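Residue numbers (full-length UniProt numbering): 1 to 282.
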């Protein structure tokens, strides 16, 4: 039950971080390579939160924790880069659900292959979560004409990278504490800086864009920490799909802040998400 609560809270925080990051990218319309800039600056802004986590959840720093964390960090960074490239095509209604569902399927299958055998109700809850992600992420069919093999490939690759991030981060072991998160940023920030230069990006964000970027980065690492705690307490094949419900909170924020209207299928997805949480906690 504790693991599901932590994973559900992680999804809530992750969705809020994505919403803030999306608003920051929109606000940085005049910045070259804005997606890369927002991504790298948000990761830099997360460093104080990482330090706080290391103090609150002490662990043993070892080669294994560093290796799993750094590999996970690079996978997560490329997941973000691929996601933004897919969204730039204009086929957001296709890219978002394909990415989110793939990111949930990879750790679900990985956990089962690693020998996890969750209870039937929990496994059904995890599968319901994947269905809920698909339904909630379905926005208006704008940009459907831009869909092609390349766009689908980007969405699948992005989701796979996020799924690998979930899978690898959970392998570090509970004794490592929050060191895998620190290792993830230790690897992803230099790689992000290398990617920033060719696209002409900048670290000099200002005003509201900088504030939103900082909030996005802080919430993102907080969600990472909650997910890591959840993975320590429960089974990856159940915890990861629940944590992947983050599009639900993004959609709810869009409803409250942007006054967007939800489609009936998205309401159905929210209901299925609630069902998934109940089943997974049994």
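Backbone N, C-alpha and C fix where the C-beta goes; we use that ideal spot for every residue, glycine too.
Note that the structure is a prediction, hence the values are computed from the model and not measured.
| Check | Outcome |
| --- | --- |
| Please tell me whether residue 133 and residue 104 are closer than 8 Å, where the distance is taken between their beta carbons. | yes |
| Which residue marks the beginning of the alpha helix (DSSP H) containing residue 125, and which one marks its end? | 120-136 |
| Given a threshold of 16 other Cβ atoms within 10 Å of its Cβ, counted over all protein chains shown, does residue 200 qualify as buried or as exposed? | exposed |
| CA-CA distance, residue 81 and residue 162? | 11 Å |
| Grab me the residues of residue 220's own chain with a C-beta within less than 6 Å of its C-beta, minus the 5 sequence neighbours each way, in chain order. | 17 |
| Count the other C-beta atoms from every protein chain shown that fall within 10 angstroms of the C-beta of residue 120, then say buried if there are 16 or more, exposed otherwise. | exposed |
| Which full runs of the alpha helix (DSSP H) of 4+ residues lie inside the stretch 147-227, going along the chain? | 149-169, 179-196 |
| Please state the DSSP three-state secondary structure of residue 1. | coil |
| By how many angstroms is the C-alpha of residue 35 removed from the C-alpha of residue 190? | 16 Å |
| Within a Cβ cutoff of 6 Å, which residues of the same chain sit near residue 107, ignoring the five residues on either side of it in sequence? | 163, 166, 167, 236, 240 |
| Hey, is the stretch 2-20 in contact with the stretch 179-190, meaning 3+ C-beta pairs nearer than 8 Å? | no |
| Please report the distance separating the alpha-carbon of residue 50 from that of residue 244. | 21 Å |
| Pair every Cβ in the stretch 169-176 with every Cβ in the stretch 65-79, then say whether three or more of these pairs are closer than 8 Å. | yes |
| My output table needs one value for residue 266: the three-state DSSP class, helix, strand or coil. | helix |
| What whole-angstrom Cβ distance do residue 251 and residue 136 have, given they're in contact under 8 Å? | 5 Å |
| In terms of residue numbering, what span does the alpha helix (DSSP H) encompassing residue 43 cover? | 34-45 |
| Within the 8 Å Cβ cut-off, does residue 253 reach chain B? | No chain B appears in the structure shown, which is made up of a single protein chain. |
| Out of curiosity, what's the CA-to-CA distance linking residue 83 and residue 196? | 16 Å |
| Taking 8 Å as the threshold (C-beta atoms), are residue 77 and residue 217 in contact? | no |
| At what residues does the alpha helix (DSSP H) containing residue 243 begin and finish? | 236-243 |
| Looking at the secondary structure, which residues open and close the alpha helix (DSSP H) in which residue 251 lies? | 246-257 |
| Can you tell me the Cβ-Cβ gap for residue 226 and residue 6, rounded? I've got them flagged as a contact below 8 Å. | 5 Å |
| So, residue 73 versus residue 177, is the Cβ gap smaller than 8 Å? | no |
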